[in-house]
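Peer 1: Numbering (our numbering), first residue to last: 141 to 766. Ideal Cβ positions, reconstructed from N, Cα and C, are used throughout, including at glycine. Structure below; questions to follow.
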Amino acid sequence: MCGIVGYVGERDALPIILQSLKRIEYRGYDSAGIACITNNGIEVYKDKGKVDDVIEKINYLKSISSNTGMGHCRWATHGAPSKTNAHPHLDGEGGIAVVHNGIIENFQSLKEELLSLGCTFVSETDTEVIPHLINHCLKNSGDVEWELKEAVKETLSRLIGSYAIIVAAKGFDGLVAARKESPLIIGVGDRENFIASDVPAVLEQTNRVIYLDEGDLAVVKNDSVYIENGGAEVKRAERLIPWTIEDAEKGGYEHFMLKEIHEEPKAITDTLRGYLAGDEITLGIDLGIEGDTKGKSILMLACGTSYYAALCGKHIIENLAKVPVQLEFASEFNYSDFVLDGANVTVMAITQSGETADTLMALKKAKRYGCKTVAITNVVGSSATRIADETIYTGAGPEIGVAATKSFVAQLVIFYLLGLQKSLAKLPEAAFLEYLEELRRMPQIAQLVLDEANGNIQKQARYLSKYEHAFFVGRGVNLPIALEGALKLKEISYIHAEGYAAGELKHGPFALLTEDTPVVAIVTHQPFKKSLIKSATQASQNVYEKMLGNVKEIKARGAPVIAIAEEGDEEVEKYVDAVVRVPRTSAIFSPIPNTVALHLLAYWAAKERGCEIDKPRNLAKSVTVE
Ligand code: AGP
């Protein structure tokens, strides 16, 4: 997966392209490159390395007079990160340059065909077939613009796979862009236009954005944007993006991840704001489970952190709304013979980016079953929103750090809203209103963790950072939070961390427990208010005692335990080595403070180990390949 940018206008293209690249380097950061159209043809510079380093070299080496150009930051899929594999790629004559995000699945057979026609390839990438093919499709009619557009179309018709591409050609003062299963937007300016994989790339220049649709091909010039789909011209609406560039920047924090953790209270507030007015929850969509829910169920499909949010959502919705919820990894669902009753199952795809390839594929498969489909995503106009019948947006704002943080809590908020909305017919009104009151307190609860627990969490993180293995355990609604805590720690600190159901440790992992395997145990599961105790099940009331029992078992095996426990819980102190205090909530809302605490714990442990927190090795923000 990669980031692509393009500029056509009256200003110097190179500085704008480099600035845009810096904004989307989170999409790929193993190499970068640019191509600009000049009076002499196409000038290309590319190299292996971080975007910043490559940009510095370009700034040092290049002064290019050009008003049209493109840039690319790469996350390798075909061919290792190297100068030759970096984009842009050229045809044999150097007259056509292409940047690409996606995967061309049939590139090998196309390459063989092109080799037999005399083409020479210099890289190991799948992308390089594209400029060669375009060259072969040119007709030499004299009308460069028309000819390039038609050659790109013909080329695209030969490609199997996914792509967002920008094409530049010698002699044409514009760019051709196209997308299939990879995101692409056009930033609209005044006598200038921009192309990019993502909005932050253009925000410094404009907040007027056109989202290209699946199969769109655009010819972008300084004063016009022409779009066609399936051979006919189409009009795409321009949207005003409410984010400022400050929203998309670090805002004084050392890392995006820390900034984004500190934005978790705001993400909760903004997500609630969209759907909660007074005591009324209005998600504004038909979920396919309206009215009598008998026989109806929900299937959630997601990957990574979004999967853990969905797992938590299952507990929340089943507890509050009593609607059965199933859950599958999108990547597993895609290759299993799932038995699914399309008429009675609503499929929810949970994906903060809205671009995760496995999740998009799962959504399409669910549609083939005839299911009602709902996307829960953070990105307006993302691919998931175009595939699903309905969309619920989380209000987390742009998330740049590879580790998902504020988008996770925003997803949880949607599940509280969904559960409570569906609980109306089943809960006594007083309990419903108490839940709602607690939900409204969640931004303050999250803020309290940031304000009051942060210092202690840093101390515990320093301790944790010395180890190479750790366990995170929880039960019930907090099992997914333990899984999320472990994923976050391993993702950014490279400490091997396993999330486990606390009751499962004795079925195997006990063998791994020693004084060198600290265990983070979530012990915040006490029923809280009287009316809520009545509505809570006996099972969930027992969870706290069961967790304490598990903690004692762990201690007996010699492993150090850090507990995440509520203010005022003195009992827990007797059994553990350290306690991170979080504010009291009723059991069902405890995932919110616990998540903030575990996100901070992972962050500070990674910081202590000197890791590249926003760009962990081998990972990228949106995983747009299978
Ligand atoms: C989260 O910290 C990870 N980077 C990753 O697991 C992520 O949640 C996963 O790739 C799914 O992404 P999505 O929500 O954009 O679909």
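Taking buried to mean at least 16 other C-beta atoms within 10 Å of its own C-beta, is Trp744 buried or exposed?
Peer 2: So Trp744 ends up on the buried side.
Peer 1: Could you tell me if Leu688 is buried or exposed, where buried requires 16 or more neighbouring beta carbons within 10 angstroms of its beta carbon?
Peer 2: Buried.
Peer 1: Which full runs of the beta strand (DSSP E) of 3+ residues lie inside the segment 311 to 349, going along the chain?
Peer 2: Counting only runs of 3 or more, we get 315 to 320, 325 to 328, 333 to 336.
Peer 1: If we require 4 or more residues per run, which alpha helix (DSSP H) segments fall completely within the segment 442 to 502?
Peer 2: Segments of the alpha helix (DSSP H) lying fully in the segment 442 to 502: 444 to 461, 470 to 473.
Peer 1: Starting from the C-beta of Ile195, find all residues in its chain whose C-beta is less than 6 Å away, skip the five residues before and the five after it, and write them out in chain order.
Peer 2: So the qualifying residues of the chain are Leu158.
Peer 1: Do you know how far the Cα of Ile335 is from the Cα of Glu495?
Peer 2: So the two alpha carbons sit approximately 18 Å from each other.
Peer 1: I need the boundaries of the alpha helix (DSSP H) containing Ala550, first residue and last residue.
Peer 2: 546 to 563 is the span of the alpha helix (DSSP H), which, as asked, contains Ala550.
Peer 1: When you compare only the Cα positions, how much space is there between Asn474 and Thr499?
Peer 2: Roughly 9 Å separates the two Cα atoms.
Peer 1: Measuring straight from C-alpha to C-alpha, what distance separates Pro598 and Leu740?
Peer 2: Going by the sequence as given, residue 598 is Gln instead of Pro. Rounded to the nearest angstrom, the two C-alpha atoms are 8 Å apart.
Peer 1: Short check: CB of Ile385 to CB of Ala358, under 8 Å?
Peer 2: In this structure, Ala358 does not lie closer than 8 Å to Ile385 by Cβ.
Peer 1: Is the closest heavy atom of the ligand AGP to the C-beta of Thr491 under 7 Å?
Peer 2: Yes - the ligand AGP has a heavy atom lying nearer than 7 Å to the Cβ of Thr491.
Peer 1: Any idea what DSSP makes of Gly643, helix, strand or coil?
Peer 2: Here Gly643 sits in helix by DSSP.
Peer 1: Pick helix, strand or coil for Glu378, following the three-state DSSP scheme.
Peer 2: Glu378 falls in the strand class under three-state DSSP.
Peer 1: Going straight from the alpha carbon of Asp192 to that of Lys162, what length do you get?
Peer 2: Answer to the nearest angstrom: the Cα atoms are 7 Å apart.
Peer 1: Return the first residue and the last residue of the alpha helix (DSSP H) that Ala601 is part of.
Peer 2: Unbroken alpha helix (DSSP H) run through Ala601: 594 to 604.
Peer 1: Does the Cβ of Ala676 have 16 or more other Cβ atoms within 10 Å, making it buried, or fewer, making it exposed?
Peer 2: Residue placement at Ala676 cannot be trusted, given a pLDDT of 49 that sits under 50; the coordinates are not used to answer.
Peer 1: In chain order, what are the residue ranges of uninterrupted alpha helix (DSSP H) at least 4 long that sit wholly in the segment 392 to 445?
Peer 2: Whole alpha helix (DSSP H) segments, 4+ residues: 396 to 402, 404 to 415.
Peer 1: Flag this pair as touching only if the segment 224 to 243 and the segment 300 to 316 have three or more C-beta atom pairs under 8 Å; answer yes or no.
Peer 2: Enough Cβ pairs lie closer than 8 Å, so yes.
Peer 1: With DSSP as the reference, label Pro155 as helix, strand or coil.
Peer 2: Reduced to three states, the DSSP call for Pro155 is helix.
Peer 1: According to DSSP, what are the bridge partners of Ser302?
Peer 2: Partner(s): Ile243.
Peer 1: In angstroms, rounded to a whole number, what distance separates the CA positions of Ser206 and Leu273?
Peer 2: Cα-Cα distance, rounded: 26 Å.
Peer 1: May I ask you to list the residues that DSSP assigns as paired with Asn369?
Peer 2: Partner(s): Asp356, Ala372.
Peer 1: At which residue ranges does the segment 154 to 221 contain complete alpha helix (DSSP H) runs of 4 or more residues, listed in the order of the chain?
Peer 2: If we require 4 residues or more, the alpha helix (DSSP H) runs fully inside the segment 154 to 221 come out as 191 to 201.
Peer 1: Could you give the first and the last residue of the continuous alpha helix (DSSP H) run that contains Arg697?
Peer 2: Neither: Arg697 is in no alpha helix (DSSP H) and is coded neither H nor E.
Peer 1: If I measure Cβ to Cβ from Arg749 and keep anything under 8 Å in the same chain, skipping five residues before and after, which residues do I get?
Peer 2: Excluding positions up to five away in sequence, the list reads Ser605, Ser633, Tyr634, Ile635.
Peer 1: Could you tell me the distance, in whole angstroms, from the CA atom of Lys375 to the CA atom of Glu707?
Peer 2: Using only the alpha carbons, I get a separation of about 57 Å.
Peer 1: For Asn333, is the classification buried or exposed, using 16 other Cβ atoms within 10 angstroms of its Cβ as the cut-off for buried?
Peer 2: By the 10 Å Cβ count, Asn333 comes out buried.
Peer 1: As a quick exercise: from Pro568, Cys443, Leu480, Asn734, pick the residue whose alpha carbon is nearest that of Ser437.
Peer 2: Selected option, being the one with the closest Cα: Leu480.
Peer 1: Thinking C-alpha only, which one of Glu458, Met440, Gly535 is nearest Ala489?
Peer 2: Answer by Cα proximity: Met440.
Peer 1: Give me the Cα-Cα distance between Ala497 and Tyr200, rounded to the nearest whole angstrom.
Peer 2: Cα to Cα, the separation comes out at about 37 Å.
Peer 1: On the DSSP letters alone, give me the boundaries of the beta strand (DSSP E) that Arg721 sits inside.
Peer 2: First-last of the beta strand (DSSP E) with Arg721: 718 to 722.
Peer 1: For Glu624, report the span of its alpha helix (DSSP H) as first-last.
Peer 2: First-last of the alpha helix (DSSP H) with Glu624: 619 to 633.
Peer 1: Is Glu252 helix, strand or coil by DSSP?
Peer 2: Helix, per DSSP.
Peer 1: In whole angstroms, what is the alpha-carbon distance linking Ile621 and Leu250?
Peer 2: C-alpha separation (whole angstroms): 46 Å.
Peer 1: Just to confirm before moving on: does the CB-CB distance between Arg167 and Ala760 stay below 8 Å?
Peer 2: Going by C-beta atoms, Arg167 is nearer than 8 Å to Ala760.
Peer 1: If you follow the alpha helix (DSSP H) that Thr525 is in, where does it begin and where does it stop?
Peer 2: Its alpha helix (DSSP H) spans residues 523 to 527.
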